[in-house]
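Residues in the sequence shown are numbered from 1 upward in steps of one, following UniProt numbering. For reference, the structure is listed below as structure tokens.
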Amino acid sequence: MKEAQLKLFDDIPQLMLPADLMEYTRGFIETDFCDYCFHKFVNEMPWQQQKIMMYEKEVTAPRLSVWIGERTIRPDDKRTPLPWVPELLDIKEKVEAYTGTAFNGVLLNYYRDGNDSVAWHNDKDTIPGLKTEIASVSIGQERNFDFRNKANHKQQYSIKLEHGSLLLMKGDLQQSWEHRIAKSKTSMKGRINLTFRKVVV
Numbered sequence: 001m002k003e004a005q006l007k008l009f010d011d012i013p014q015l016m017l018p019a020d021l022m023e024y025t026r027g028f029i030e031t032d033f034c035d036y037c038f039h040k041f042v043n044e045m046p047w048q049q050q051k052i053m054m055y056e057k058e059v060t061a062p063r064l065s066v067w068i069g070e071r072t073i074r075p076d077d078k079r080t081p082l083p084w085v086p087e088l089l090d091i092k093e094k095v096e097a098y099t100g101t102a103f104n105g106v107l108l109n110y111y112r113d114g115n116d117s118v119a120w121h122n123d124k125d126t127i128p129g130l131k132t133e134i135a136s137v138s139i140g141q142e143r144n145f146d147f148r149n150k151a152n153h154k155q156q157y158s159i160k161l162e163h164g165s166l167l168l169m170k171g172d173l174q175q176s177w178e179h180r181i182a183k184s185k186t187s188m189k190g191r192i193n194l195t196f197r198k199v200v201v
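This is the structure we're talking about:
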């Protein structure tokens, strides 16, 4: 059931990221349900465009987002937690059954086209001191997910996140690695990323 097909850029295709840090599963969510959820979320979610700090300057995030859960994602985050919708609860239940982790929130990011992106970062909103898993489900346009070692930026990997796939980030990944979705010069359709998290405030 579990797959390990993470690989370097094409110049060194045989090296793999350790399975204790990241796990990728194709076809985790059925295609028809993914198609339905994509169109429903695009049209019905109250998307917001956040203001974020980049290099000590406030800028507009190049993507739209919604936070759904029982509490705020971080004390400084201005998004109001929205109630769960049935489709997200169905996906959450499947993710929890697979991972063995109970999640209390999901961040939806909507990348409208190839101009939308997220810069290099690591996720800081998990429970302090614990190696909490983050489960990322992708629906819509395939996009490259890049990650690099914080201590050595030359050590970079990339994987294509497919429609209906699950990417599980775990262990020390957030402490030792950064990740991003880069802008694309190739024409891209919309993509929604669902990152299920366990947070405390």
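Heads up, the beta-carbon is just placed ideally off N, CA and C, and yes, glycines get one too.
Residues bridged to residue i [DSSP beta-bridge criterion]
{"i": "residue 89", "result": "For residue 89, which the question treats as bridged, DSSP gives no partner whatsoever."}
{"i": "residue 135", "result": "168, 196"}
{"i": "residue 144", "result": "160"}
{"i": "residue 82", "result": "68"}
{"i": "residue 207", "result": "Residue coverage of the chain in this structure runs from 1 to 201, which leaves residue 207 outside it and unanswerable."}
{"i": "residue 45", "result": "None, per the DSSP bridge assignment."}
Reference residue i; option with closest CA among the options
{"i": "residue 113", "options": "91, 122, 140, 121", "result": "140"}
{"i": "residue 87", "options": "180, 19, 35, 142", "result": "35"}
{"i": "residue 29", "options": "194, 199, 152", "result": "194"}
{"i": "residue 160", "options": "146, 169, 172, 80", "result": "146"}
{"i": "residue 138", "options": "172, 157, 110, 116", "result": "110"}
Residue i versus residue j: straight-line alpha-carbon distance, rounded
{"i": "residue 73", "j": "residue 122", "result": "15 Å"}
{"i": "residue 187", "j": "residue 39", "result": "19 Å"}
{"i": "residue 165", "j": "residue 148", "result": "21 Å"}
{"i": "residue 59", "j": "residue 77", "result": "15 Å"}
{"i": "residue 185", "j": "residue 191", "result": "16 Å"}
Beta-carbon proximity check, residue i vs residue j, cutoff 8 Å
{"i": "residue 198", "j": "residue 177", "result": "no"}
{"i": "residue 46", "j": "residue 67", "result": "no"}
{"i": "residue 117", "j": "residue 63", "result": "yes"}
{"i": "residue 168", "j": "residue 23", "result": "yes"}
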